[in-house]
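Below is one structure, written out as structure tokens; the observations come after it.
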Amino acid sequence: MRNQLLGSCAGLALCLLGSSAARSEDGWSAAVPPPRTDTISAAKLAQVKPGSSTKKEVQSLLGAPWRILQFNDCGMSMPGQADETWDYRGRNAKGSYRVHIEFDDHDVASLVAKIPDRATGNKGTRAKIAPGEMKMAMKM
Amino acid sequence: MSHLIVPRLTKGFGCLSLLALGLVSQALAQGPAVAYPPYGSAIPVITNNEHRSGAVNEDAQKMPAPNGPNEESIWNMKVEGFNDNQARPIYQPLIVNQNGREIMYNGNLSGTAKNPLTGVSESNGTSIIDVTNVKKPKFLFHIPGPDPINGSFAAAGAQMVRVCPGSTMPNAAANGIVGKFFLLRAFGNAGANESHQIWDVTEPSAPKFLTTIISGLSNTHKSWWECDTGIAYLVAGAVSDGWQQSGSKQHVYVYDLSNPAKPTFIRQFGLPGQQPTAAVATQQPCLNAPSDTCFEGTTNPPGGVHGPISMGTVVNRVYMPYGVGASGVIQIVDRQKLVNGCKTSGPGSNPNASANCQNSPTQADLLWPQVSWVTMNPENGGHSSMPVFNVPIPEEQSNFVDGTPQSKSLLFVASEGTANNCFGQAPHDAWILDIANEQTPWPMATLSVPQFPGNFCGKGARFGAHAVTEAIYPPYYGKIISVSWFNAGVRIWDVRDPKNPKPIAYYIQAPNSNTAASCSTINGATNCFNATMNDYVEYDDRGFIYAVDRAGSGVTILSLTGEARKAILPQSEQ
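Residue numbers (my numbering), protein chains in the order written: chain E, 2 to 141; chain B, 484 to 1057.
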């Protein structure tokens, strides 16, 4: 019974891997996969300070972001989701990652995080935030 | 005009499989070409395929626990294809059969990303993807959205899409639109000069701007466009129009878009208490203090409308959800009286319509088309209200009432969960309302997704209901219902016994390298999570199911398997 279960799990895993592989061949835009080499200078990234760095300064340090996101919806700023986000792509020895920078209404960085694309577990990746800044402060 | 024909069959199944599933006979049994809303006004007939005991005491399949938060989880579904949508976050998808080609239109949330087809970074707008071959979707074109204002994308995006064929419109030949297809889209989200636009998408790889229907708006949202009449219910608001709403500042602008190049304004509409002349400072709830200036619901003024759904000229009803995620109201409206209620003669007209009915109606003008309204629990709002008519009730196929088979008309309502990590909000679910007597809608069942297993409130991003699928695909109609549930993915229920809906399938996309992180401060520490957020789930006319991701992780194309597949088969073939 246990072997059957393991066999089923292995089969399912192969199926999932297969479908992932098929998707990576067929569905991805040529220009957006993560870079093969690191494009983000750690020294420059360290100069991005939550609470003080402006959009202009961030662009001067890191260049144009790979992607900008803004999740306003229904004309409403949803709690903790209204800040404009700039994403950069990078790669290090541990794999590909994104630098995620959120800006407040005054175009000042409020949060900076370096997030592995393949994070494990569900604890998340620690972010740096501006002094006094809380992102939907909660207790769980 | 293949968008009018009977539903086609999911590719990827061999002929023998199809015959074994009995779908061929089911499809052929549909008869001659018919068109369902929004393409026409026919409503599918639902045949009972459930045992007379319904789902009661049935051996319900145990819903499997999802995998880890960074893994794909799938139950009774199969992944058929994928497209990354250029890493743009998607709000609303729509899949249209354009003369045999299946074309997907995605309304994107605000931001910018590089368009690999042009090599240029483009403000998020409308993605157009050929999904005819679901195994290899082909990104055809991206129509950019508004540019940022003073460097801010807060007002940008083009979240909403509707597409109609010109051939089904009244006076199509005279207007020279036979054989053409038109895209209605929002242009901007909330700002100083938003608008609704029409594009000619006859050749979806080379869309052409046609016209701006209305500009100068401060809000846009999810519109509806009847392809057989041309009547459109545009969700919009402008500071200058004087309408009053709490939360999202939007109501309905009704237009005749039967000649897409020449939009004709009909009227503005909203809940009593929202009209420009409403005495918001002093008005009381209509429920307890009815007067000629009162407000419906629990918030003064009532929250904005999210997205009306018209069931066309035969059913003659429009279903309007207000409030999105809080203080909701669901309103049922007489379509003919809505469209013609500012006229003083003719079908649906109001002999007592006020002189300013079109733009600044009185409360009486707004009540003229109203059939009924439901005030929701203030913790929840009206995001979706999708009707399904004449669902056979398995237990009531004999004995009850006059002994004849009984059915119920249902309204599927969803409230949008808007907070990351569930924080600060009540749970947001979906519900089945019995609208057999539409004057007195009554709750029948709740569709909910358990937080555990899966620890959905702890995996990052939003957890809760968002939207009910709006596409009418007859084999699914009245048998299954799909609701997007953000980080809990696509959720499907077997609703053949709507008093006892059963979870029957789900799909949770794994985060990928395009997934936008969601960051929260929990117990004093700020962390960012990679979590997908299924924003909408829609069907095409072959039965493929499209899950689109709000966090930028792309489009996943799915089909049903196992028990979910069986649920749509005739009883003899299950």
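Cβ coordinates follow ideal geometry from the N, Cα and C atoms, glycine included. Just so we're clear, the structure is a prediction, and the values are computed from it rather than from any experiment.
Thinking just about the alpha-carbon of each residue, which of E:S53, E:A128, E:K124 is nearest to the one in B:G551? Translated into positions along the second sequence, residue 551 of chain B becomes position 68. Its Cα nearest to that of B:G551, the residue E:K124 stands out among E:S53, E:A128, E:K124.
Can you find the residues in the same chain that come closer than 8 Å, C-beta to C-beta, to B:N654, ignoring five residues on each side of it along the sequence? Taking the second sequence and counting its residues from 1, the one referred to as residue 654 of chain B is at position 171. Counting only Cβ-Cβ distances below 8 Å, and skipping sequence neighbours, we find S741, N742.
Distance between B:N1017 and B:I991 (C-alpha atoms, nearest Å): Within the second sequence, numbered from 1, the residue matching residue 991 of chain B stands at position 508. Within the second sequence, numbered from 1, the residue matching residue 1017 of chain B stands at position 534. Cα to Cα, B:I991 sits roughly 8 Å from B:N1017.
Does any residue of chain A bring its CB to less than 9 Å from the CB of B:F565? Going by chain labels, chain A is absent from the structure shown, which instead holds the protein chains E and B.
Counting contacts by CB-CB distance shorter than 9 Å, is B:A1008 in contact with chain E? Residue numbering aside, residue 1008 of chain B sits at position 525 when the second sequence is read from its first letter. Yes, B:A1008 counts as interfacial toward chain E.
Our contact map puts B:S855 next to B:L894 with C-beta atoms below 8 Å; I'd like the distance itself, whole angstroms only. What you label residue 855 of chain B is simply residue 372 of the second sequence in a count that begins at 1. What you label residue 894 of chain B is simply residue 411 of the second sequence in a count that begins at 1. By a beta-carbon distance limit of 8 Å, B:S855 does not contact B:L894. Their separation comes to about 11 Å.
Residue from B:F939, B:E677, B:W914 whose Cα sits closest to the Cα of B:G608: The residue you call residue 608 of chain B lines up with position 125 of the second sequence. Distance check between B:G608 and each of B:F939, B:E677, B:W914 places B:E677 closest, using alpha-carbon atoms only.
Can you find a C-beta in chain E that's less than 9 Å from the C-beta of B:L754? Taking the second sequence and counting its residues from 1, one reaches residue 754 of chain B at position 271. So, not an interface residue.
Assigned exposure category for B:F692 - 16 Cβ within 10 Å defines buried: Translated into the one-based positions of the second sequence, residue 692 of chain B becomes position 209. Exposed: under 16 other Cβ atoms inside 10 Å.
Evaluate B:K545 with the Cβ neighbour count: other Cβ atoms within 10 Å of its Cβ, from every protein chain shown; 16 or more gives buried, anything less gives exposed. Numbered from 1 along the second sequence, position 62 holds the residue referred to as residue 545 of chain B. By the beta-carbon neighbour count (other beta carbons within 10 angstroms, threshold 16), B:K545 is exposed.
Check for me: the beta strand (DSSP E) holding B:G699 runs from which residue to which? Taking the second sequence and counting its residues from 1, the one referred to as residue 699 of chain B is at position 216. From DSSP, the beta strand (DSSP E) with B:G699 extends over 691 to 703.
Mind checking the stretch 902 to 926 of chain B against chain E and listing, in chain order, the residues whose C-beta falls within less than 7 Å of any C-beta there? For the stretch 902 to 926 of chain B, which is checked against every Cβ of chain E, the residues closer than 7 Å are A902, N903, N904, F906, G907.
Which chain E residues are close to B:L592, counting only those with a beta carbon under 9 Å from its beta carbon? Here residue 592 of chain B refers to the residue found at position 109 when the second sequence is read from its first residue. Within chain E, the residues near B:L592 are L70, Q71, F72, N73, D74.
Interface residues of the stretch 966 to 997 of chain B facing chain E [CB-CB below 9 Å]: Residues A993, P994, N995, S996, N997.
Taking just the CA atoms, how far does E:Q82 sit from E:R127? The count along the first sequence starts at 1 and reaches residue 127 of chain E at position 126. The count along the first sequence starts at 1 and reaches residue 82 of chain E at position 81. C-alpha separation (whole angstroms): 17 Å.
Start-to-end residues for the beta strand (DSSP E) that takes in B:V1031: As a position in the second sequence, residue 1031 of chain B is number 548, starting the count at 1. Segment 1028 to 1032, the beta strand (DSSP E) holding B:V1031.
Per DSSP, B:G806 forms a beta bridge with which residues? Here residue 806 of chain B refers to the residue found at position 323 when the second sequence is read from its first residue. DSSP lists B:G865 as partners of B:G806.
Please report how far the alpha carbon of B:S1001 lies from the alpha carbon of B:G594, in whole angstroms. If you number the second sequence from 1, residue 1001 of chain B lands on position 518. If you number the second sequence from 1, residue 594 of chain B lands on position 111. Spanning the two alpha carbons is a distance of roughly 16 Å.
For a test of the three-state rule: what should DSSP assign to B:Q1054, helix, strand or coil? Here residue 1054 of chain B refers to the residue found at position 571 when the second sequence is read from its first residue. If DSSP states are grouped into helix, strand and coil, B:Q1054 belongs with the helices.
From B:F1027, B:N903, B:P627, pick the residue whose C-alpha is nearest to that of B:K954; which is it? If you number the second sequence from 1, residue 954 of chain B lands on position 471. Here the sequence assigns Ala to residue 954 of chain B, which means Lys is not the residue at that position. Closest option to B:A954, Cα to Cα, is B:F1027.
Whole-angstrom C-beta distance between B:F665 and B:V684, which should lie under 8 Å: Along the second sequence, one-based indexing puts residue 684 of chain B at 201. Along the second sequence, one-based indexing puts residue 665 of chain B at 182. In this structure B:V684 is in contact with B:F665, their Cβ atoms being roughly 7 Å apart against a cut-off of 8 Å.
Assuming B:T796 is part of the alpha helix (DSSP H), what are its boundary residues? Counting from 1 along the second sequence, the entry for residue 796 of chain B is found at position 313. Annotation: the continuous alpha helix (DSSP H) that includes B:T796 extends over 795 to 798.
From the DSSP output, in three-state form, read off B:K561 for me. Position 78 of the second sequence holds residue 561 of chain B. In the three-state reduction of the DSSP assignment, B:K561 falls in the strand class.
Within-9 Å CB hit, E:E58 to chain B: The sequence position of residue 58 of chain E within the first sequence is 57, counting from 1. So, not an interface residue.
Which residues in the same chain have their Cβ closer than 8 Å to the Cβ of B:H779, if we skip the five residues on either side of it in sequence? As a working note, residue 779 of chain B is residue 296 in the second sequence. According to the sequence provided, residue 779 of chain B is Glu. The question's His does not apply to it. Excluding positions up to five away in sequence, the list reads L754, P755, G756, P768, C769, L770, P785, V812, Q814, W856, T858.
Hey, quick one: how far does the alpha helix (DSSP H) through E:R90 stretch, first residue to last? In the first sequence, counting from the first residue as 1, residue 90 of chain E sits at position 89. E:R90 -> not in any alpha helix (DSSP H); beta strand (DSSP E) instead, spanning 85 to 93.
Where does B:Q846 sit, in a helix, a strand or coil, going by DSSP? Counted from its first residue, the second sequence places residue 846 of chain B at position 363. B:Q846 falls in the helix class under three-state DSSP.
For B:A570, the three-state DSSP class (helix, strand or coil): To locate residue 570 of chain B, count along the second sequence from 1; it is residue 87. For B:A570, the three-state secondary structure derived from DSSP is helix.
Using a C-beta cutoff of 9 Å, does B:N672 count as contacting chain E? Against the second sequence, residue 672 of chain B aligns to sequence position 189. For B:N672, the closest Cβ of chain E is nearer than 9 Å.
Under 9 Å Cβ-Cβ, which residues of chain E neighbour B:N1035? What you label residue 1035 of chain B is simply residue 552 of the second sequence in a count that begins at 1. With the sequence shown as reference, residue 1035 of chain B is identified as Gly, and Asn is not the correct amino acid for it. Here the neighbours are R68, L70, D88.
Should the stretch 1042 to 1049 of chain B be regarded as contacting the stretch 594 to 604 of chain B, the criterion being three or more beta carbon pairs within less than 8 Å? Cβ pair count under 8 Å is below three, so no.
Per DSSP, which one or two residues make a beta bridge with B:D912? The residue given as residue 912 of chain B occupies position 429 in the second sequence. According to DSSP, B:D912 bridges with nothing at all.
Completely contained beta strand (DSSP E) runs for the stretch 727 to 795 of chain B, where each covers 3 or more residues: Taking only runs of at least 3 residues, the beta strand (DSSP E) segments lying wholly in the stretch 727 to 795 of chain B are 734 to 739, 747 to 752.
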